[in-house]
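J.: Chains as they are written, first to last, in this note's numbering: chain E, 1 to 356; chain Y, 1 to 356; chain D, 1 to 356.
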Amino acid sequence: MATAFKVPSSPKPSETVGFVRNAWYVAAWSTEIEDGILGRMILHTPIALFRQQDGQIAALLDICPHKFAPLSLGKRVGDGVQCGYHGLEFDAGGRCVRNPQGNQKIPPGSQVATFPVVERHGAIWIWPGEPALADVQAIPDFGFFSDPAWKAIYGLGHVEGNYKLSIDNLMDLGHGLFLHKASAGDFGDARCEIEVGQEGEKVWDRRLYPSLDMPEALAARFDVPAGAPMDVVADIEWLPAGLIQNLIAMCPPGKARVEGNMTRGMHCLTPETETSTHYFFANVRNFLLNDPRIDEGLRRWQKDALQDEDSMMVSAVERNTEAAVRLGVQPIYLSTDNAGARVRRVLETLVRRDNC
Amino acid sequence: MATAFKVPSSPKPSETVGFVRNAWYVAAWSTEIEDGILGRMILHTPIALFRQQDGQIAALLDICPHKFAPLSLGKRVGDGVQCGYHGLEFDAGGRCVRNPQGNQKIPPGSQVATFPVVERHGAIWIWPGEPALADVQAIPDFGFFSDPAWKAIYGLGHVEGNYKLSIDNLMDLGHGLFLHKASAGDFGDARCEIEVGQEGEKVWDRRLYPSLDMPEALAARFDVPAGAPMDVVADIEWLPAGLIQNLIAMCPPGKARVEGNMTRGMHCLTPETETSTHYFFANVRNFLLNDPRIDEGLRRWQKDALQDEDSMMVSAVERNTEAAVRLGVQPIYLSTDNAGARVRRVLETLVRRDNC
Amino acid sequence: MATAFKVPSSPKPSETVGFVRNAWYVAAWSTEIEDGILGRMILHTPIALFRQQDGQIAALLDICPHKFAPLSLGKRVGDGVQCGYHGLEFDAGGRCVRNPQGNQKIPPGSQVATFPVVERHGAIWIWPGEPALADVQAIPDFGFFSDPAWKAIYGLGHVEGNYKLSIDNLMDLGHGLFLHKASAGDFGDARCEIEVGQEGEKVWDRRLYPSLDMPEALAARFDVPAGAPMDVVADIEWLPAGLIQNLIAMCPPGKARVEGNMTRGMHCLTPETETSTHYFFANVRNFLLNDPRIDEGLRRWQKDALQDEDSMMVSAVERNTEAAVRLGVQPIYLSTDNAGARVRRVLETLVRRDNC
Chain E
1 MATAFKVPSS PKPSETVGFV RNAWYVAAWS TEIEDGILGR MILHTPIALF
51 RQQDGQIAAL LDICPHKFAP LSLGKRVGDG VQCGYHGLEF DAGGRCVRNP
101 QGNQKIPPGS QVATFPVVER HGAIWIWPGE PALADVQAIP DFGFFSDPAW
151 KAIYGLGHVE GNYKLSIDNL MDLGHGLFLH KASAGDFGDA RCEIEVGQEG
201 EKVWDRRLYP SLDMPEALAA RFDVPAGAPM DVVADIEWLP AGLIQNLIAM
251 CPPGKARVEG NMTRGMHCLT PETETSTHYF FANVRNFLLN DPRIDEGLRR
301 WQKDALQDED SMMVSAVERN TEAAVRLGVQ PIYLSTDNAG ARVRRVLETL
351 VRRDNC
Chain Y
1 MATAFKVPSS PKPSETVGFV RNAWYVAAWS TEIEDGILGR MILHTPIALF
51 RQQDGQIAAL LDICPHKFAP LSLGKRVGDG VQCGYHGLEF DAGGRCVRNP
101 QGNQKIPPGS QVATFPVVER HGAIWIWPGE PALADVQAIP DFGFFSDPAW
151 KAIYGLGHVE GNYKLSIDNL MDLGHGLFLH KASAGDFGDA RCEIEVGQEG
201 EKVWDRRLYP SLDMPEALAA RFDVPAGAPM DVVADIEWLP AGLIQNLIAM
251 CPPGKARVEG NMTRGMHCLT PETETSTHYF FANVRNFLLN DPRIDEGLRR
301 WQKDALQDED SMMVSAVERN TEAAVRLGVQ PIYLSTDNAG ARVRRVLETL
351 VRRDNC
Chain D
1 MATAFKVPSS PKPSETVGFV RNAWYVAAWS TEIEDGILGR MILHTPIALF
51 RQQDGQIAAL LDICPHKFAP LSLGKRVGDG VQCGYHGLEF DAGGRCVRNP
101 QGNQKIPPGS QVATFPVVER HGAIWIWPGE PALADVQAIP DFGFFSDPAW
151 KAIYGLGHVE GNYKLSIDNL MDLGHGLFLH KASAGDFGDA RCEIEVGQEG
201 EKVWDRRLYP SLDMPEALAA RFDVPAGAPM DVVADIEWLP AGLIQNLIAM
251 CPPGKARVEG NMTRGMHCLT PETETSTHYF FANVRNFLLN DPRIDEGLRR
301 WQKDALQDED SMMVSAVERN TEAAVRLGVQ PIYLSTDNAG ARVRRVLETL
351 VRRDNC
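Below you can see the structure in the form of structure tokens.
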């Protein structure tokens with residue numbers, strides 16, 4: 001009648017726990033940091049981010065070494081910050097430069113840790129690992145975000161799940177036809193050609209859906225004729241630890257692989273803790289740059305698909321994983337997981353490298 | 001002046017921890033499951049419940065073995081379910097019958113666990129233990145719930161406490177004169193005859209309060225004259241693990257023990273986790289079947305007495321128990337606890353049987 | 001470029017964990033206890049507080065030994081309490097004096113623990129330690145709270161942090177110029193004379209800010225001329241475990257040290273748990289006793305400075321401390337910490353004395 005269900009005695013999660021520390025992460029969008037100090041937990045580490053007078057960003061550990069107050073509750077003073085509790089001042093290099101209390105001496109050991117940080121492509125990038133290894137050239141090229149031929153829409157979400165679950169979600173484009181049926185349109189289970197590849201640490205999945213009939217909402221979002229068949233290209237590419245870019249192109253059938261109206265996406269996943277993630281997403285397009293309806297369509301897509309569908313599902317998976325592991329459910333593998341599985345293998349190696 | 005109070009160094013809870021797995025539990029009211037898939041945590045196990053096309057209920061572990069998405073976030077397809085994440089389909093027996101992704105092969109190991117489940121007395125019953133031991137005859141007879149001589153009112157509560165505390169509450173009718181003073185009426189501390197008994201695993205407590213003066217609210221709820229004396233019969237009976245039925249009868253004095261206007265109750269306690277409980281309650285009556293004021297009176301009773309008084313107190317006891325155990329408070333025993341204590345002994349035996 | 005940041009492998013907090021049990025704590029303001037029973041967690045112990053018929057306060061462990069229901073959910077009966085679950089009655093000495101259930105016998109072992117408790121200075125004082133050691137003379141003299149030459153304003157806050165962090169906050173008056181810039185006025189980083197002292201377990205910090213220019217809001221609160229220079233005296237004094245009184249005096253320059261308009265404060269910190277604190281604060285003044293604008297000014301100060309600034313910062317420090325300890329941040333010491341450091345040393349000794 002039913003499959004015997006046994007609660008196992010000692011289930012074990014199979015993965016190495018920990019973060020990839022030696023990697024660039026997005027800490028904030030550029031527009032989030034103006035005159036104040038932004039406090040944000042990154043890789044389970046509280047960080048205070050602020051601009052110096054020349055606009056350069058500084059990143060300090062968000063802990064005043066005096067009483068452990070968050071420096072982000074203080075205020076900017078010159079090129080540094082003043083703690084809001086007792087007024088100690090630290091410069092952008094984390095050195096205590098002023099003690100307004102009592103004997104006014106700078107106490108020994110008052111150095112605050114700092115992190116390599118750089119601004120690029122509309123984002124603030126942070127390197128939580130060994131500073132000597134931080135190479136700005138390793139930040140992926142998201143150049144189309146500053147190219148006037150493209151128009152960008154930025155957004156920021158918060159996922160109640162481990163960042164690897166969000167990577168699984170994005171790198172496996174096969175979820176789109178099901179999870180995004182409401183937001184992207186119902187294509188049944190349209191077949192596609194899939195090419196999965198890897199080059200060093202870079203992993204990609206490229207799909208071509210030939211001759212899809214465009215439903216009205218999607219056609220409007222891409223400014224292509226509704227009802228007419230289109231070749232749809234969906235490419236996605238990952239670089240460690242949480243940096244993903246994708247491309248969706250609507251190509252008139254029979255033309256070149258990538259042509260026509262297209263959007264490109266930046267999906268930067270920054271672990272907040274082991275079970276929560278900052279999701280920085282942005283989309284650019286190469287058509288109707290000044291049409292506010294297209295802006296609005298992309299904002300709706302970011303809300304509906306990336307937050308209400310993707311992040312909702314990732315959070316549900318995170319919650320369910322505790323039960324799955326405890327109850328001994330063995331995960332199964334589908335061929336659509338190929339890219340995600342390669343990513344996981346690279347991540348495993350990097351986590352082990354950074355946590356030994 | 002005051003009793004010396006010492007914080008003990010290593011208090012120990014005295015009970016076997018774990019659930020009775022080989023028992024029938026109410027998973028849902030019948031009316032909760034229509035076209036969709038109901039996800040509900042039962043015995044700390046996520047369950048997906050849905051109807052097949054012929055109306056029969058199926059119960060699957062609510063975890064897709066691919067990425068651990070809750071199947072209850074998907075949709076019904078034919079006699080099975082389709083996962084809402086990647087579209088894998090499972091039939092009512094938990095077999096993966098379709099993979100719309102990539103090579104479309106059914107992956108090995110894709111069986112989802114199922115649970116014996118049956119619909120009876122307006123409720124969906126589930127057996128979380130060994131399927132071969134599931135005997136539908138063991139479900140208690142709540143036949144009056146489908147008898148036209150009775151009219152039923154159903155309700156569902158959620159208790160922030162272990163289900164055994166709710167059983168203690170129900171099986172010890174002595175709490176009624178105090179905890180339910182506001183909802184049932186103030187009878188001082190009226191005396192009663194008590195008969196406690198046990199037959200195999202069944203435990204009961206039967207009480208007769210002779211010649212109670214009926215306060216107005218209670219008289220109206222039972223359609224008996226206010227102010228006049230009534231013999232009140234209050235019987236309650238437990239079967240493993242959380243199945244309780246009770247009877248309240250308003251008997252004209254000097255007549256037979258059970259006669260006159262009466263209500264019967266179904267109180268099914270299904271552990272959600274070790275510290276929370278689904279409380280399925282329902283009441284039938286044998287008088288004024290079509291009078292909406294009596295319906296309303298029973299609904300108010302279910303809210304005031306079963307939720308705002310009983311479940312509130314059970315939650316307070318659950319919260320206080322951590323402190324009581326930590327501080328070494330030794331529980332005392334009253335004669336009114338006789339039925340509850342018998343229940344606890346049976347439960348201890350069954351928990352040990354199912355967790356060895 | 002940046003300081004190498006390493007996550008340490010096994011950070012260790014440096015302090016003895018536990019409470020000072022043999023000490024007087026404020027359990028409630030007198031006005032909080034009228035006819036009912038107040039349930040309050042104190043030193044991680046649930047306490048039920050009520051008045052006997054002659055107005056004297058009783059303090060019982062808030063756990064009925066029958067089923068562990070909180071006695072504070074019951075009601076007062078005579079000089080004792082009746083449990084709201086099954087009606088057991090306990091007198092002010094914690095003795096079970098009535099069992100209305102079943103055989104009505106008082107069960108053995110039904111004694112509820114009690115605590116020495118006394119009412120003084122508008123507050124209810126409790127001694128959670130050894131009753132034989134409870135000496136009412138040890139309660140500090142807050143006599144000005146019942147002196148008609150002073151007018152009092154009472155308040156109660158809840159801090160999401162360990163009480164020692166609130167003591168640090170109060171005993172280090174150096175935070176005022178920074179954390180209270182918005183509520184007290186901006187004095188830059190005005191210099192002051194500091195005298196820190198200790199006598200037995202009593203620790204104090206006394207400061208004199210000569211010739212401060214009074215900003216308008218502060219001048220109005222103290223009824224002194226705005227803009228004119230004033231010598232400001234700020235004294236604070238601690239007694240175990242969480243009892244602090246302070247004085248702020250506005251002295252015409254060149255006069256005696258303490259003269260002119262002044263407020264005195266009572267700051268009683270009672271641990272609720274290891275990470276939360278009841279904060280009983282009250283202020284008296286010796287000027288314009290009948291002016292409601294001064295009442296209102298003190299109430300605003302209690303809300304803005306004691307809750308929105310002090311307690312907000314203490315909560316932020318409590319949250320940040322987990323990260324600071326985990327990440328191995330070594331705290332630094334400023335000369336303004338002298339009084340707080342003495343308090344911490346006394347507390348360490350007392351915690352060790354009471355937890356060995």
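Cβ coordinates follow ideal geometry from the N, Cα and C atoms, glycine included. The structure displayed is predicted, hence computed values, not measured ones.
#1: When Cβ atoms are compared, which residues of the segment 157-175 of chain D fall closer than 7 Å to chain E?
#2: Going by C-alpha to C-alpha distance, which of Y:Arg51, Y:Pro46 and Y:Leu350 sits closest to Lys202 of chain Y?
#3: Taking the DSSP output, what are the residues bridged to Cys251 of chain D?
#4: Out of Y:Ala234, Y:Arg264, Y:Phe142 and Y:Ala219, which one is the CA nearest neighbour of Gly185 of chain Y?
#5: Going by beta carbon distance, what residues of the same chain come within less than 6 Å of His267 of chain D, once the five residues before and after it are set aside?
#6: For Met1 of chain Y, which residues in the same chain have their Cβ closer than 7 Å to its Cβ, ignoring the five residues on either side in sequence?
#7: Please return the same chain residues whose Cβ sits closer than 7 Å to the Cβ of Ser311 of chain Y, not counting the five positions on each side in sequence.
#8: Could you list which residues in chain D have their beta carbon closer than 9 Å to that of Asn22 of chain E, in chain order?
#9: For the segment 54-70 of chain Y, which residues have a CB atom closer than 9 Å to at least one CB atom of chain E, in sequence order?
#10: Could you name the residues of the same chain whose beta carbon sits closer than 8 Å to that of Glu259 of chain D, not counting the 5 residues immediately before and after it, in chain order?
#11: Report back the beta-carbon spacing between Phe68 of chain Y and Asn320 of chain E to the nearest angstrom; my notes put them in contact at under 8 Å.
#12: How many whole angstroms separate the CB atoms of Asp35 of chain Y and Arg76 of chain Y, which I take to be in contact at a CB cut-off of 8 Å?
#13: Against Tyr209 of chain D, what residues of chain E qualify as contacts under a CB-to-CB distance less than 9 Å, listed in chain order?
#14: How would you call Lys164 of chain E, buried or exposed, if buried means at least 16 neighbouring beta carbons within 10 angstroms?
#15: Please tell me whether Phe110 of chain E has its Cβ less than 7 Å away from any Cβ of chain D.
#16: Can you tell me the Cα-Cα spacing of Glu119 of chain D and Val329 of chain D, whole angstroms?
#17: Is the separation between the beta-carbon of Gly297 of chain Y and that of Asn283 of chain Y shorter than 7 Å?
#18: Within its chain, find whatever has a CB closer than 7 Å to the CB of Lys151 of chain Y; leave out the 5 residues flanking it on each side and keep chain order.
#19: Let me know the beta strand (DSSP E) ranges lying completely inside the segment 140-192 of chain E, each 3 residues or longer, listed in chain order.
#20: Kindly indicate which residue of Y:Asp168, Y:Gly200, Y:Ala226 and Y:Arg191 has the alpha-carbon position closest to the one of Met357 of chain Y.
#21: Compare the C-beta of Ser335 of chain D against all C-beta atoms of chain E and say whether one is closer than 7 Å.
#22: Excluding the 5 residues preceding and the 5 following Gln82 of chain Y in the sequence, name in chain order all residues of the same chain whose CB lies nearer than 6 Å to its CB.
#23: Measure the alpha-carbon distance for Cys96 of chain D versus Asp62 of chain D and round it to whole angstroms.
#24: Measuring alpha carbon to alpha carbon, tell me which of D:Pro215, D:Val232 and D:Pro225 ends up nearest Thr263 of chain D.
#25: List the endpoints of the continuous alpha helix (DSSP H) containing Met312 of chain Y.
#26: Helix, strand or coil: which one does DSSP assign to Asp295 of chain Y?
#27: So, helix, strand or coil for Pro13 of chain Y, using DSSP?
#28: Looking at C-alpha atoms only, which residue of Y:Leu239, Y:Tyr25 and Y:His44 is the closest neighbour of Leu327 of chain E?
#29: Whole angstroms are fine: how far does the CA of Pro271 of chain E sit from the CA of Ala324 of chain E?
#30: Can you list, in chain order, the stretches of the beta strand (DSSP E) that have 3 or more residues and sit fully within the segment 73-148 of chain D?
#31: Could you list which residues in chain E have their beta carbon closer than 7 Å to that of Tyr85 of chain Y, in chain order?
#32: Kindly indicate which residue of D:Arg352, D:Asn338 and D:Cys356 has the alpha-carbon position closest to the one of Asn103 of chain E.
#33: Tell me whether the beta-carbon of Leu179 of chain E lies closer than 7 Å to the beta-carbon of Arg207 of chain E.
#34: Just curious, the alpha helix (DSSP H) that Glu272 of chain Y is in, first and last residue?
#35: Just mark Cys356 of chain Y as buried or exposed, buried being the case when its beta carbon has 16 or more other beta carbons within 10 Å.
#36: Pop quiz: Pro116 of chain E and Pro140 of chain E are said to be a contact at Cβ under 8 Å. What is the actual Cβ separation, rounded to whole angstroms?
T.: From the atom records:
#1: Asp168, Gly174 and His175
#2: Y:Leu350
#3: The bridge partners DSSP lists for Cys251 of chain D are D:Asp231.
#4: Y:Ala219
#5: Leu170, Ile244 and Phe281
#6: Any reading at Met1 of chain Y needs caution, since the residue's pLDDT is 43, under 50, leaving its predicted position unreliable; the model's value is listed next. Excluding residues within five positions, none has a Cβ falling inside 7 Å.
#7: Gly157, Val159 and Tyr279
#8: Ordered by position in chain D, no residue passes the 9 Å Cβ test against Asn22 of chain E, which lies about 12 Å from the chain.
#9: Ala59, Leu61, Asp62, Ile63, Cys64, Pro65, His66, Lys67, Phe68, Ala69 and Pro70
#10: Ala249, Cys251 and Pro252, listed in sequence order.
#11: 5 Å
#12: 7 Å
#13: Neighbours of Tyr209 of chain D on chain E: none; closest Cβ ~14 Å, over 9 Å.
#14: buried
#15: Correcting the residue type first, residue 110 of chain E is Ser in the shown sequence and not Phe. True, the Cβ-Cβ gap to chain D drops below 7 Å.
#16: 43 Å
#17: no
#18: In its chain, beyond the 5 residues on either side, Val284, Arg285 and Leu289 have a beta carbon closer than 7 Å to the beta carbon of Lys151 of chain Y.
#19: 151-159
#20: Nothing can be reported for residue 357 of chain Y, as the shown portion of chain Y is limited to 1 through 356.
#21: Closer than 7 Å to some Cβ of chain E, the Cβ of Ser335 of chain D qualifies, so yes.
#22: By the criterion of a C-beta distance shorter than 6 Å, Gln82 of chain Y is surrounded in its chain by Gly74, Lys75 and Glu89, once the five residues flanking it on both sides are discounted.
#23: 14 Å
#24: Comparing Cα-Cα distances from Thr263 of chain D to each of D:Pro215, D:Val232 and D:Pro225, the minimum goes to D:Val232.
#25: It spans Met312 to Arg326 - the alpha helix (DSSP H) in which Met312 of chain Y sits, taken as one unbroken run.
#26: Asp295 of chain Y: helix per DSSP, three-state reduction.
#27: In this prediction, Pro13 of chain Y scores a pLDDT of 46, lower than 50, which makes its location untrustworthy; no coordinate-derived value is stated.
#28: Y:His44
#29: 22 Å
#30: 75-77, 80-82, 96-98, 117-120 and 123-126
#31: His175, Phe178, Leu179 and Met313
#32: D:Asn338
#33: no
#34: Segment Asn261 to Thr273 is the beta strand (DSSP E) holding Glu272 of chain Y; no alpha helix (DSSP H) there.
#35: exposed
#36: Not quite, the Cβ-Cβ distance comes to about 16 Å (not below 8 Å), so this is no contact.
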